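Undergrad:
Residue numbers (UniProt numbering): 1 to 191.
The following block contains the structure:
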């Protein structure tokens with residue numbers, strides 16, 4: 001009941017304010033016959049500022065997302081090993097250290113291999129920290145190279161988890177972190 005009374009009072013105050021404003025301008029209300037039936041009166045009301053979002057507490061277990069400056073365009077995706085006759089680089093492979101790939105060995109094709117969640121990748125990962133087309137490993141200027149494919153959560157090398165790589169030559173024994181410290185891990189080996 002109190003709500004209805006309050007609403008009625010607010011309505012009366014609004015109507016009184018509109019009538020007072022019209023009279024204070026010195027204008028008279030036009031006759032209904034003179035007013036255009038489709039005319040609309042717009043009253044500019046000041047916009048109510050939205051309160052600033054409250055900062056959320058820091059979660060040390062949360063995924064850290066890093067933006068890499070200066071990379072506004074997506075590089076052309078390297079060709080998948082299916083597009084080129086498959087030839088592996090002799091004695092060069094990845095060994096899975098975590099997840100479903102733990103203990104498995106993946107030979108690196110001469111045309112390179114892709115890692116990611118997409119079923120089109122050569123090594124399909126199911127970790128939610130991993131992007132669809134996350135990383136590529138292949139030959140660049142005669143060196144086996146790891147390239148991040150502008151993934152959301154980055155590709156890291158040898159526990160340097162503060163700085164995601166964009167492209168780096170690999171050395172035997174390097175540990176690759178796909179999607180951060182909790183993501184999939186592989187070791188690069190060359191016999």
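Glycine included, C-beta positions come from ideal geometry on N, C-alpha and C.
This one's a predicted model, so the numbers in the text were calculated from it and none came from an experiment.
#1: Would residue 191 and residue 91 be called neighbours here (beta carbons separated by less than 8 Å)?
#2: According to DSSP, what are the bridge partners of residue 178?
#3: Since residue 146 and residue 123 should fall inside the 8 Å C-beta cutoff, what is the C-beta to C-beta distance between them, to a whole number of angstroms?
#4: Alpha carbon to alpha carbon, what distance is there between residue 120 and residue 156?
#5: For residue 135, which residues does DSSP report across the bridge?
#6: How would you call residue 181, buried or exposed, if buried means at least 16 neighbouring beta carbons within 10 angstroms?
#7: From the DSSP output, which residues share a beta bridge with residue 92?
#8: Using the DSSP secondary-structure output, state which residues sit across from residue 105 in a beta bridge.
#9: What number of angstroms, rounded off, separates the C-alpha of residue 178 from the C-alpha of residue 142?
#10: Which same chain residues end up closer than 6 Å to residue 132 when comparing Cβ atoms and leaving out the 5 residues on each side of it in sequence?
#11: Let me know if residue 184 comes out buried or exposed under the rule of 16 or more other beta-carbons within 10 Å of its beta-carbon.
TA: The short version:
#1: yes
#2: Residue 178 is bridged to 155 and 184.
#3: The pair is not a contact, with the Cβ atoms about 13 Å apart (cut-off 8 Å).
#4: 22 Å
#5: 115 and 148
#6: exposed
#7: Residue 92 is bridged to 190.
#8: 95
#9: 23 Å
#10: Result list for residue 132: 116, 117 and 118, in chain order.
#11: buried
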